[in-house]
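Colleague:
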Ligand code: DGL
């Protein structure tokens, strides 16, 4: 694979969170064709049983890879990545890139303690606890799992302002206790400024988006230099697993990001 112009990737999440990863990828590789899929019929993933989550991700991803002729998959969801990657990699021959909480870089930056802000599922996953055990450099890691924060990011992309008071009450257990926060859910970079203003400027926020984009670039075009004259490309596609219902505000936002309006993904057995 040497020419990104013909590459097509699938970005997968439960909701709009994967758009934070999409933005980083788009910045590095603007000519890539992207199919974004969000499984909003089963949102929020942070409250789903592991079996259902595994089954849904595997079935949607394998089906889409085949249908859309995908070259690389990004599971832009920490909650899914912490369990589904081995299964997907065993099933598919194309590269599968996952996103997991950035415990290692955060711990290297921390003097006081790290706060891991993620979904209720991610903070309980064995994978997450292994990451902490191996990479926390003996720094204290405070865990905060919240679905409300995920909802706030969903609402923001549909035009509703984040309520700073409410955000403060969700983040309260971390205030004054940490100097680095890991945004361990892809939804959270979408409300990064709001989180920063509640936690204060002395807290450094770390997420995995840029590292994922670098990984995608290295897998798709290891020897590529800057593309000075890229050909124009069509708008990207976005599918939702649930019927699309009054998504005008989100579609406006999506069109600014380079997407066509959301299409409902049709399959007989969802
Ligand atoms: N965006 C997701 C993550 O990174 C999942 C949010 C959810 O559906 O609970 O974990």
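Numbering (the working numbering), first residue to last: 13 to 282. Note that CB positions come from ideal geometry on N, CA and C, so glycine has one too.
1) Select from 179, 44, 233 the residue whose C-alpha is nearest the C-alpha of residue 211.
2) Using the C-alpha atoms, what's the distance from residue 221 back to residue 62?
3) Hey, how far is the Cα of residue 48 from the Cα of residue 24?
4) Is residue 148 helix, strand or coil when you go by DSSP?
5) Only counting runs of 3 or more residues, tell me where the beta strand (DSSP E) segments fall wholly within the stretch 56–129, in order along the chain.
6) Rounded to the nearest angstrom, how far is the Cβ of residue 50 from that of residue 267, given a contact under 8 Å?
7) Give the DSSP bridge partners of residue 288, in chain order.
8) CA-CA distance, residue 15 and residue 166?
9) Taking Cβ positions only, does residue 119 come closer than 7 Å to chain C?
10) Determine the DSSP secondary structure at residue 258, reduced to helix, strand or coil.
11) My output table needs one value for residue 213: the three-state DSSP class, helix, strand or coil.
12) Following a CB-centred definition, is residue 233 positioned closer than 6 Å to any heavy atom of ligand 1?
13) Taking 6 Å as the cut-off, is the C-beta of residue 25 nearer than that to any heavy atom in ligand 1?
Modeller: For this structure:
1) 179
2) 24 Å
3) 6 Å
4) coil
5) 84–87, 108–110
6) That belief does not hold up - the Cβ atoms of residue 50 and residue 267 are roughly 16 Å apart, past 8 Å.
7) Any property of residue 288 remains undetermined from this structure, which presents the chain solely from 13 to 282.
8) Summary for residue 15: the model assigns pLDDT 48, below 50, so the residue's position carries little reliability; its value from the coordinates is reported in the next sentence. Each residue's alpha carbon lies about 34 Å from the other.
9) Protein chain content of the structure displayed is limited to a single chain, and chain C is not contained in it.
10) coil
11) coil
12) no
13) yes
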